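In what follows, a structure is listed as structure tokens, so that the remarks can point back to it.
Number of protein chains: 2
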Amino acid sequence: MAYRKTPAEISRLEAARERLIGCATEVVADVGWSQASVNAVADAAGIAAGSVYQHFPSKAALAVEVFRRAAGREVEVLGEVLGGAGDPVERLSRGVDVFARRALENRGLAYALLAAPAEPAVGAERLDFRRRYRALFAEVVREGVAAGQLPPQNAEITAAALTGAIGEVLVDPLAAADENATQQLLADLTAAALRCAGAPTA
Amino acid sequence: MAYRKTPAEISRLEAARERLIGCATEVVADVGWSQASVNAVADAAGIAAGSVYQHFPSKAALAVEVFRRAAGREVEVLGEVLGGAGDPVERLSRGVDVFARRALENRGLAYALLAAPAEPAVGAERLDFRRRYRALFAEVVREGVAAGQLPPQNAEITAAALTGAIGEVLVDPLAAADENATQQLLADLTAAALRCAGAPTA
DNA sequence: TGAAGCTCTGAACCATGGTTCACTTCTTTC
DNA sequence: GAAAGAAGTGAACCATGGTTCAGAGCTTCA
């Protein structure tokens, strides 16, 4: 044996893989899944198309990884806010705000995660993550009901309405560009969400 | 001139075109846009693939026509209910019920219209129709606010939440198969919708 | 430095599925 | 019935874009 991967070499490969995922994420956020060809992604990462296949067995596998990383971050952040400090209604309010704010800050990515046309493998992953978003919202709604802050209700449906509303706001260039309009939009959205869960209006 | 289309021939062609659209709609409802190849659709209609191009210049044009017909029917029905008799809150309640009920009755088609992966031309059409659904809901919410039945709110966002909630319920096999569960689901969904718009709970 | 084995390249390859077209079949008119 | 012309056929064509692979260039180790 005249060659063995040295630790440095291993971490270099690992870094290349991470870089590829990062660049692919940017491309997807920019132009959507359908336009993110292997060549486009490889170009963005500064490698040849063939080299992609050293890190992933197929384009679909790369796409799924990109999706999981990005969606995983959102689930994590949302989970921390919804499961954090404060009473259930406060947490719900902050959760909606954080979810929507992050989405508006990176619309391209949010659109890719929530709604953009994608290959079946990504579609399946998306269903799974939407279920997770819903489960997180549903849990805090249930806590609110248990604490007597919210009226009895089907928490799953309320949760669906919340993700649905946020999704709709993003799909379409509904939110204006300037800061004031964005603030207003977030306030209106949060108000609708609280009403939807049955929280007394402020 | 030894040949001229006779009226009977013209209506036969028209009928063939309608039949093609109908069969294509069924195929799409059954297997989704991505699996609805020209061959599959032509087979379903009992004609050759090439014959499709006598009625439509491209597959995309056929797909758009299929979408418009089906989505147009839904918009029309929803519009009639929301713009019909009764006070705004009653109409909103019935509108949500009708929209969701029709969707649950033909899930495949509803999924195709609201969420299934589709080619860009259909995606653009979908955005347009989602805007129409929202506009219809928003109008009745505005009327409710004007009538003092609903609190002041951003009607567009409430409308987005309504379509979003219904969409979420459909995307996922959330609704159970039996009749009782469906009734309960519709009741819960309507309740969430009314809360979302700020109507006093029953 | 040389041998061995790996990474990287990018042009060729190939699968998929929409589209075309030479040909057949049917309809109309004389 | 025959000519003219449209509708209908389906196999061949072609564009797109994911995947492969033979060779070039590196890295490791003796």
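Protein chains in written order, with numbering that gives the first Met the number 0: chain G, 0 to 201; chain P, 0 to 201. Just so it is clear, CB atoms sit at the ideal spot from N, CA and C, and this is done for glycine as well. Since the model is a prediction, treat every value here as computed from it, not as a measurement.
Test item: CB-CB of residue i and residue j under 8 Å
i, j, result
"residue 56 (chain P)", "residue 142 (chain P)", "no"
"residue 35 (chain G)", "residue 44 (chain G)", "no"
"residue 140 (chain G)", "residue 159 (chain G)", "no"
"residue 185 (chain P)", "residue 99 (chain P)", "yes"
"residue 76 (chain P)", "residue 101 (chain P)", "yes"
Under the three-state DSSP convention, the category residue i falls into
i, result
"residue 179 (chain P)", "helix"
"residue 3 (chain G)", "coil"
"residue 145 (chain G)", "helix"
"residue 119 (chain G)", "helix"
"residue 56 (chain G)", "coil"
"residue 33 (chain G)", "coil"
"residue 200 (chain G)", "coil"
"residue 105 (chain P)", "coil"
"residue 87 (chain P)", "helix"
"residue 96 (chain P)", "helix"
"residue 45 (chain G)", "coil"
"residue 187 (chain G)", "helix"
"residue 153 (chain P)", "coil"
"residue 171 (chain P)", "coil"
"residue 82 (chain P)", "coil"
"residue 114 (chain G)", "coil"
Contacts of residue i in chain P (Cβ-Cβ under 8 Å)
i, result
"residue 138 (chain G)", "Neighbours of residue 138 (chain G) on chain P: none; closest Cβ ~16 Å, over 8 Å."
"residue 122 (chain G)", "116"
"residue 94 (chain G)", "In chain order: nothing, as chain P lies at least about 15 Å away."
"residue 131 (chain G)", "Per Cβ cutoff of 8 Å: no residues; residue 131 (chain G) is ~12 Å from chain P at best."
"residue 191 (chain G)", "152, 153, 156, 157, 160 and 195"
Closest Cα partner of residue i within the set the options
i, options, result
"residue 126 (chain P)", "P:44, P:92 and P:163", "P:163"
"residue 168 (chain P)", "G:200, G:133, G:59 and G:180", "G:133"
"residue 94 (chain G)", "G:60, G:104 and G:83", "G:83"
"residue 65 (chain G)", "G:187, G:17, G:183 and G:39", "G:17"
"residue 130 (chain P)", "P:101, P:144, P:155 and P:114", "P:155"
"residue 60 (chain G)", "G:184, G:47, G:78 and G:20", "G:20"
"residue 37 (chain P)", "P:27, P:25, P:140 and P:58", "P:58"
"residue 149 (chain G)", "P:50, P:200 and P:47", "P:200"
"residue 109 (chain P)", "P:48, P:67, P:159 and P:5", "P:67"
"residue 28 (chain P)", "P:160, P:12, P:107 and P:5", "P:107"
"residue 122 (chain G)", "P:116, P:144 and P:198", "P:116"
"residue 114 (chain G)", "G:147, G:165, G:26 and G:80", "G:165"
"residue 178 (chain P)", "P:145, P:46 and P:103", "P:103"
"residue 78 (chain P)", "P:135, P:120 and P:89", "P:135"
"residue 89 (chain P)", "P:54, P:71, P:180 and P:146", "P:146"
"residue 128 (chain P)", "G:69, G:128, G:170 and G:190", "G:170"
"residue 105 (chain G)", "G:137, G:138, G:120 and G:70", "G:70"
"residue 151 (chain G)", "P:190, P:151, P:181 and P:144", "P:190"
Backbone CA spacing between residue i and residue j [nearest angstrom]
i, j, result
"residue 153 (chain P)", "residue 91 (chain G)", "19 Å"
"residue 111 (chain P)", "residue 63 (chain P)", "12 Å"
"residue 188 (chain P)", "residue 195 (chain P)", "10 Å"
"residue 73 (chain G)", "residue 52 (chain P)", "45 Å"
"residue 124 (chain P)", "residue 85 (chain P)", "31 Å"
"residue 41 (chain G)", "residue 8 (chain P)", "55 Å"
"residue 118 (chain G)", "residue 1 (chain P)", "52 Å"
"residue 48 (chain G)", "residue 39 (chain G)", "8 Å"
"residue 33 (chain G)", "residue 26 (chain G)", "11 Å"
"residue 15 (chain G)", "residue 6 (chain G)", "14 Å"
"residue 30 (chain P)", "residue 30 (chain G)", "27 Å"
"residue 96 (chain G)", "residue 50 (chain P)", "53 Å"
"residue 198 (chain G)", "residue 120 (chain G)", "38 Å"
"residue 54 (chain G)", "residue 4 (chain G)", "16 Å"
"residue 183 (chain P)", "residue 137 (chain P)", "25 Å"
"residue 12 (chain G)", "residue 161 (chain G)", "41 Å"
"residue 10 (chain P)", "residue 181 (chain P)", "42 Å"
Contact list for residue i against chain G, beta-carbon separation under 9 Å
i, result
"residue 126 (chain P)", "170 and 171"
Within chain P, the residues that residue i reaches when beta carbons sit closer than 7 Å
i, result
"residue 150 (chain G)", "200"
"residue 194 (chain G)", "194, 195 and 197"
"residue 15 (chain G)", "Residues of chain P passing the Cβ test: none, with the nearest at roughly 31 Å."
Residue i: contacting residues in chain P (beta-carbon distance under 9 Å)
i, result
"residue 188 (chain G)", "153, 156, 159 and 160"
Contact list for residue i against chain G, beta-carbon separation under 8 Å
i, result
"residue 141 (chain P)", "In chain order: nothing, as chain G lies at least about 14 Å away."
7 Å Cβ cut-off: residues of chain G touching residue i
i, result
"residue 166 (chain P)", "163"
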